[in-house]
Amino acid sequence: MEAEVWHYDGRNANRWGARLAGDATSFRLIGGSWESGPYAWADLAALDLPGADAVFGLKEAPGWRIGLPQDAIPDGLAALLPRKVRYGGFIDRIGLWKASAVLASIAALAVFVGVSAPGWIAPVVPQSFEDNLGDAMVGDFGGRFCATPQGSAALKALTTRIDPDANARSIEVANIPMVNAVALPGRRIVIFDGLLQQAKSPDEVAGVLGHELGHVEHRDTMAALLRQLGLSVILGGMNGTAGSNINALLSLSYGREAEHEADLTAIAKMRAANISPLPTADFFRRMEPALPGKGAKRGRNKGERSDLEDEAQALNWLASHPSSASRYALFADAHDTRRTYAPALQPSEWRALRTMCASDKKVKPVGAFGL
Amino acid sequence: MEDQQGSAFGFDGTWREYAPIAFTNLLLTIVTLGFYRFWATTRTRRYLWSRTRFIDDRLEWTGTGKELFLGFLMVLVLLGLPFLFLQFGVQALVIRGFAGVAMGTGFAAFVLIFYLGGVARFRAVRYRLSRTYWHGIRGGSDDGGWKYGWSYMWRNVVGMIPLYLMVPWAMISLWNERWNKMSFGPHGFRCNARVKPVFKRFLLFYLAPFLLAIIGVAYVATIGGFIGSVFLHTNYPPVIAAIALVVIIVGIYALLGLIALAYYAAFLREGIGALRLENLDFQFEATTDDWLKLFFGDILLVVGTLGIGWIFLQYRHWKFFITHLEAYGEIDLNALTQSTTRESQHGEGLLDAMDVGAF
């Protein structure tokens, strides 16, 4: 078959007129004083260009083009020419709408896996690996762990009480004035001194410890690390800001469900240790100004800190946790009126624990935290 | 071949013709969680290039989505993973009390990004030229842009030191350096843009505070009585003072934006006007007014369509660019032979994926 085409040879910028002459497998181009080919039909690629001309390129020959008006393609030739690539890949084969539906299902699945996979993977990560990782990341917390003979003994007593199986590798108090406690990778729990100062009884600290132990036992920190890692890879495909915002939102915390589970663990541990959950409930009530009875309790505080300061500090801890009202109810309901609870620590021990950071001369001072 | 009639450059696309491309791109980008955007960019460029005429024939974009995607993957592996480590590493360093080391690493990361930003700017132009064909011939560069990255860093720093007064010098000299390393076919681009024509516009930035003072004086002179009265008598609502404040603040931003636009218009006129390819001289004729129209047109389009118009911005900007681009001189088609510059297979190395814009 034959057809008239225009031609760029990709070697210089001249536009040639040529006659295309071919058989079932290949063709040649014949110009006024030149001839080229043979070229295999299979090496042609159709270009997705608007306009009246159909344009074809040749494999491994950059700039090589032939073109002819769409309506001037003889029937025999049309069957040999390749089809246009429009959207790319398989989308052209199965059609835009079908492909969109398939892709949307895959996307939904990917998001689901991305969000929930850390929860499945974390438990099978070897504990020794997590422990090493945690030690590498945390170390000695920059020398901010407080220690005095009496204070450390009190902490040990509290630890033995709430965590008799020693599920946490270490529980320490850090000289940081924030109302917070964290479970770090490698089964390590850090209570900030600010929380000890804010707490009104050792039972409240036991409640918070129980909660963090829940995170340790459920391996929530490992899951959070994996989630942060995985999401930044998955969402890398999305445009910068949207991706990183979603990432920040999702990896911000362990998630409400994990927090609730940790609360349940805390309650179970307190029951086993015979520590009353009521003070912990009270702790949540103090953190939530709208709850009843707050004003009356406030009187005991003897103006150590202003209310405003209390609330601003409390926000730290509350930001990533379920609402205080629901947690108050959860802990208050766990209280058994027929039972006689024992305080988590003796008054002298509690005093030693609370003053541990202030009495420790070697600990890094408060102002030296962070960047 | 001589340029016989009208402009050497022309754009004959229509938004109706582009709309199916824009909307299907949007659809596929959404259902692939953004991964389609490399192919979307490619389809858009293929259309825009194919509707762009230079003298007697169209441009052709031959870049592929796959190479942009591979470039992105390389960025992810070569930059993303170290930075991910850095993120956790710096966190750990701070926790462990090595704030100094953490700051040092952070600064090193900043310098690295600064440097790579310069390299990326160079390679973005190179990538676009190497994928742009006209009459079966493409452009490119034999330079990897690694040296340009250093140039980019020290010139920008030097430009900022004397109260930013040398920024125009930095921008113009970098523009020249970049274009002098680019080529099309066998011919190298030559560019000798000067600082002087753009410097006056840049000085407007320093004039802005004085202009604002004059506006303020004029304002007080005309309706200033109100402002005083608000403080003296309560029967004038303070709303007026609030409105005046808003007007002044918006005015400041608008003024700075206008100056930036005026400077950019002058910069591109000088930069492209000083560009030469063998016997071709280029020119770019967009005035500050044209830029203003483009800018407010963009805003109206996006706001008026509740954001959907955003997918047409690339089309509008390309059309604006081509409509105001001009070339004079002649081309010898026999001498315009194929470029021998290297053509890498993965989005032109790793940095073109950052795609910071060629101009």
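Chains A and B are the protein sequences, given in the same order.
In short: position in the first sequence from 1, add 1478, done, that's the numbering used here.
In short: position in the second sequence from 1, add 50, done, that's the numbering used here.
Every residue gets a Cβ at the ideal spot worked out from N, C-alpha and C, and that includes glycine.
Shortest alpha-carbon distance to residue i belongs to which of the options?
i	options	result
residue 1693 of chain A	A:1680, A:1742, A:1520	A:1742
residue 57 of chain B	B:375, B:109, B:390, B:383	B:375
residue 1594 of chain A	A:1701, A:1519, A:1612, A:1550	A:1701
residue 1544 of chain A	A:1568, A:1554, A:1588, A:1499	A:1499
residue 1827 of chain A	A:1679, A:1664, A:1509, A:1480	A:1679
residue 1538 of chain A	A:1587, A:1487, A:1814	A:1487
residue 248 of chain B	B:323, B:381, B:110, B:122	B:323
residue 1735 of chain A	A:1689, A:1587, A:1749	A:1689
residue 378 of chain B	B:262, B:371, B:330	B:330
residue 61 of chain B	B:370, B:382, B:387	B:370
residue 13 of chain B	B:351, B:80, B:315, B:217	Absent from the model: residue 13 of chain B. The displayed extent of chain B is 51 to 409, so no value can be given.
residue 1479 of chain A	A:1495, A:1489, A:1490, A:1505	A:1505
residue 1582 of chain A	B:264, B:84, B:200	B:84
residue 1762 of chain A	A:1562, A:1502, A:1611, A:1681	A:1681
residue 98 of chain B	B:157, B:201, B:297, B:362	B:362
Please return the same chain residues whose Cβ sits closer than 8 Å to the Cβ of residue i, not counting the five positions on each side in sequence.
i	result
residue 1780 of chain A	Its pLDDT being 37, under 50, residue 1780 of chain A is placed unreliably in this model, and the value from its coordinates should be taken loosely. So no residue of the chain qualifies.
residue 1773 of chain A	Unreliable placement is indicated for residue 1773 of chain A, whose pLDDT of 36 sits below 50; the coordinate value is still reported in the next sentence. Once the five neighbours on either side are set aside, residue 1773 of chain A has no close Cβ partner at all.
To which residues does DSSP link residue i through a beta bridge?
i	result
residue 1514 of chain A	A:1507
residue 241 of chain B	B:325
residue 387 of chain B	A:1490
residue 1476 of chain A	There is simply no residue 1476 of chain A to check, as chain A begins at 1479 and stops at 1849 in what is shown.
residue 330 of chain B	B:327, B:379
residue 188 of chain B	B:183
residue 1531 of chain A	A:1547
residue 1562 of chain A	A:1524
residue 1482 of chain A	A:1497
residue 60 of chain B	B:103
residue 1649 of chain A	A:1667
residue 233 of chain B	B:190, B:238
residue 1623 of chain A	A:1652
residue 1539 of chain A	A:1536
residue 213 of chain B	Residue 213 of chain B is not bridged to any residue.
residue 110 of chain B	B:183
Going along the chain, which residues of its own chain have a beta-carbon closer than 7 Å to the beta-carbon of residue i, five neighbours each way excluded?
i	result
residue 1674 of chain A	1651, 1683, 1831, 1832
residue 237 of chain B	327, 328
residue 1600 of chain A	1697, 1700, 1701, 1704
residue 1527 of chain A	1533
residue 1835 of chain A	1624, 1651, 1653, 1671, 1841
residue 231 of chain B	191, 193
residue 311 of chain B	338, 341, 342, 345
residue 233 of chain B	189, 190, 191, 239, 389, 391
residue 198 of chain B	168, 169, 172, 227, 228
residue 79 of chain B	86, 87, 90
Go through its chain and collect everything with a Cβ distance to residue i's Cβ below 6 Å, but skip five positions before and after it.
i	result
residue 1695 of chain A	1645
residue 143 of chain B	151, 152
residue 1514 of chain A	1507
residue 365 of chain B	68
residue 1649 of chain A	1637, 1667
residue 313 of chain B	251, 252
residue 184 of chain B	104, 109
Our contact map puts residue i next to residue j with C-beta atoms below 8 Å; I'd like the distance itself, whole angstroms only.
i	j	result
residue 1523 of chain A	residue 1535 of chain A	5 Å
residue 113 of chain B	residue 87 of chain B	The Cβ separation is near 14 Å, so there is no contact.
residue 181 of chain B	residue 195 of chain B	Incorrect: roughly 16 Å between the Cβ atoms, too far for contact.
residue 302 of chain B	residue 262 of chain B	6 Å
residue 186 of chain B	residue 1542 of chain A	7 Å
residue 102 of chain B	residue 372 of chain B	5 Å
residue 203 of chain B	residue 168 of chain B	6 Å
residue 1585 of chain A	residue 81 of chain B	6 Å
residue 1691 of chain A	residue 1641 of chain A	6 Å
Could you tell me whether any non-hydrogen atom of the ligand PLP is closer than 8 Å to the CB of residue i?
i	result
residue 239 of chain B	Here there are no bound small molecules, and the ligand PLP is not part of this structure.
Please determine if the segment 1553 to 1573 of chain A and the segment 212 to 228 of chain B are in contact, where contact requires at least 3 C-beta pairs separated by less than 8 Å.
no
Do the segment 105 to 119 of chain B and the segment 175 to 182 of chain B make contact, defined as three or more Cβ pairs closer than 8 Å?
yes
Below 8 Å, can you find three or more Cβ-Cβ pairs linking the segment 1813 to 1825 of chain A to the segment 1750 to 1762 of chain A?
yes
Three or more beta-carbon pairs under 8 Å between the segment 101 to 113 of chain B and the segment 1578 to 1587 of chain A, yes or no?
no
Pair every Cβ in the segment 1624 to 1635 of chain A with every Cβ in the segment 1597 to 1615 of chain A, then say whether three or more of these pairs are closer than 8 Å.
no
Three or more C-beta pairs closer than 8 Å, one from the segment 374 to 393 of chain B and one from the segment 342 to 362 of chain B: is that the case here?
no
Touch check for the segment 299 to 314 of chain B and the segment 348 to 358 of chain B: three-plus C-beta pairs under 8 Å?
no
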